[in-house]
């Protein structure tokens, strides 16, 4: 039995299959974790959704920003982004079933047995583990059982940029969504920044990666995340595992076997930037 964790798929279905074949992934005994963004700019987003869903309990994914945007477009709240290749999903006979399944996926996974936390973008520098899990569960409850249409329609905003335990309602939920699915850099006073997507060495001096800020949680438990393709080949602190290596940007897909910390990579098999 082995546990595999893979970076952003973004519709790159063929590369995922090559990686799983290489490690002889067996859903009857192995487990696959995905850091979100199953869909978007690759050409097989539909296949990615169907495959991960078909694995049942053998796979778990968290929600990424592109996954949430797909739900938003399915609800008619936003338009499909020009570069997203999701037309096949909207035309699929199982469209509603797939969107409903996606809406029921978590923002954060804490595997207590294996001792890691997985999220799409990161953990707020002002959260301990209990707060992170509580905030994520609040949003998940609305997405799965509450007024998710209202939540999705109000999530597109950068405010509030700073955490406070006194935040309530949509401001609290929006901060949670932004931290878990959109965050890369923070200001040194812990405010979130959403403008800079560069590698850390090229960022303005007033910004630092969220995981470089002084949060004891970052040293206490391994955190696995995706979202930030420009971290490819960058060194991260111990306990911080960045798994998005930009397959959809013609780089590679990365998968980690947790038990022995062995990495497996697969280069992009097509020029996605030509699409």
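In this note's numbering, the protein residues as written are 3 to 277. Glycine included, every Cβ here is placed at the ideal spot set by N, Cα and C. All figures in this text were calculated on a predicted structure; none of them were measured in a lab.
Among the options, whose alpha-carbon lies nearest the alpha-carbon of residue i?
i           : options            : result
residue 124 : 21, 225, 9, 68     : 225
residue 53  : 68, 142, 132, 36   : 36
residue 24  : 274, 275, 259      : 259
residue 13  : 243, 176, 234, 85  : 85
residue 4   : 265, 273, 274      : 265
residue 90  : 121, 70, 49        : 49
residue 273 : 212, 254, 22, 30   : 254
residue 43  : 92, 88, 99, 75     : 88
residue 175 : 139, 147, 198, 205 : 139
residue 6   : 15, 58, 16, 21     : 21
residue 243 : 121, 145, 66, 151  : 121
residue 64  : 9, 98, 168, 92     : 9
Just to confirm the assignment, what range does the alpha helix (DSSP H) spanning residue i have?
i           : result
residue 146 : 131 to 147
residue 285 : Outside the modelled stretch of the chain, which goes from 3 to 277, sits residue 285, for which no answer is possible.
residue 23  : 15 to 24
residue 150 : 150 to 155
residue 76  : 67 to 76
residue 48  : 47 to 56
Short of 7 angstroms in beta carbon distance, which residues of its chain neighbour residue i, apart from the five on each side in sequence? Order them along the chain.
i           : result
residue 173 : 162
residue 127 : 188, 192, 212, 215, 217
residue 103 : 55
residue 151 : 77
Which two residues bound the contiguous beta strand (DSSP E) that contains residue i?
i           : result
residue 8   : 5 to 8
residue 186 : Residue 186 -> no beta strand (DSSP E), and no H or E assigned at all.
residue 193 : Careful: residue 193 lies outside any beta strand (DSSP E) and carries neither H nor E.
residue 254 : 254 to 259
residue 36  : 33 to 36
residue 27  : Careful: residue 27 lies outside any beta strand (DSSP E) and carries neither H nor E.
residue 269 : 264 to 269
residue 62  : 61 to 63
Could you give the C-beta distance for residue i and residue j, rounded to a whole number, given that I count them as a contact under 8 angstroms?
i           : j           : result
residue 220 : residue 239 : 7 angstroms
residue 229 : residue 215 : So it is not a contact: roughly 17 angstroms between Cβ atoms.
residue 187 : residue 160 : Actually they do not touch by this definition, with Cβ atoms about 13 angstroms apart.
residue 110 : residue 182 : 6 angstroms
residue 40  : residue 11  : 5 angstroms
residue 60  : residue 29  : 4 angstroms
residue 154 : residue 74  : 5 angstroms
Could you pull out every residue in the same chain whose Cβ sits closer than 6 angstroms to the Cβ of residue i, ignoring the five residues on either side in sequence?
i           : result
residue 185 : 123, 124, 194, 212
residue 34  : 6, 61
residue 250 : 12, 14, 43, 44, 274
Ordered list of beta strand (DSSP E) runs contained in the stretch 215 to 251, each at least 3 residues: 225 to 227, 242 to 244
Uninterrupted beta strand (DSSP E) stretches inside the stretch 79 to 123 (no shorter than 3 residues): 110 to 113, 118 to 121
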